[in-house]
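Counting from 87, one number per residue, gives the positions in the sequence shown under this note's numbering. Each residue gets a CB set at the ideal place from its N, CA and C atoms; glycine is no exception. Data first, discussion second: the structure below is written as structure tokens.
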Amino acid sequence: MCLGILVTIALTQVLRPSPRDAALFAVVAAVLVVDRIRPVRLAVLPFPRAAVVVVLGLAIWPALALGERYGAVDVVLLSAVGIAAFLVTWRREDDLDAAILRLPDARRAAVGRAARGWAAVVVCLGLWELTAFTVIRRSAPGGDVPPSISDVLSPVFDSAAGRAVLVGAWLLAGYALLRRAGERR
87 MCLGILVTIA LTQVLRPSPR DAALFAVVAA VLVVDRIRPV RLAVLPFPRA
137 AVVVVLGLAI WPALALGERY GAVDVVLLSA VGIAAFLVTW RREDDLDAAI
187 LRLPDARRAA VGRAARGWAA VVVCLGLWEL TAFTVIRRSA PGGDVPPSIS
237 DVLSPVFDSA AGRAVLVGAW LLAGYALLRR AGERR
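Dropping the structure here:
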């Protein structure tokens, strides 16, 4: 399912046209295909101490919050954070299935409900973005079109305070997810 979503997003980005985004999603999809065909066991890096993660997060927060939107600093820092998170958390699907099966029944049911809930959110947001994109492409210039998610969030990202809050929330959410991954080992 994840592979299908990534390929669909990549194709949508080709039609948009946004070659950088299309390449990103296509590369991730290709990595998943290669992993399916020829699984590779990566040596997962140990989860760093909380203090190290907090210091790094506090160090990059101002650069992301105050830096030029879509600038080189944003691209480098976001890529570095993503690659680091990947190296700390990558697991084979079998490992994840085994970890879920080890959970008590009540916890496993809660994880399943949360997964379905988040999947529904992602699908709804994807359909919203795809609908906005499709309507914009077929509309007359200056006509009424639904806003894309980017259009809705742009005013928040355009202000320094909004960026600071959103970047802070993103870093905290990422830390929480990474910490949970570290606890599962």
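Residues near residue i by beta carbon distance below 7 Å, same chain, minus five either side
i	result
Ile95	Phe111
Gln99	Asp107, Ala108 and Phe111
Three-way DSSP call (helix, strand, coil) for residue i in this model
i	result
Arg188	coil
Tyr156	coil
Arg265	helix
Arg122	helix
Ser245	coil
Val167	helix
Pro233	coil
Arg102	coil
Arg199	helix
Arg135	coil
Within 8 Å, strictly: CB atoms of residue i and residue j
i	j	result
Ile186	Val174	no
Val231	Val221	yes
Phe243	Leu257	no
Trp40	Gly248	Residue numbering for the chain in the displayed model covers 87 to 271; residue 40 lies beyond these limits and cannot be assessed.
Ala171	Leu101	no
Val159	Ala149	yes
Val119	Leu97	no
Ala151	Ala250	yes
Residue burial classification, residue i (beta-carbon count within 10 angstroms, cutoff 16)
i	result
Val117	exposed
Leu164	exposed
Leu92	buried
Ala115	buried
Residues near residue i by beta carbon distance below 6 Å, same chain, minus five either side
i	result
Leu211	none
Ala218	Pro232 and Ser234
Cβ shell of residue i (< 8 Å), same chain only, five flanking positions each side left out
i	result
Ile169	none
Leu216	Thr98
Next on the checklist: Taking 8 Å as the cut-off, does the stretch 105-123 touch the stretch 136-144 (at least 3 CB pairs, one atom from each stretch)?
Outcome noted: no
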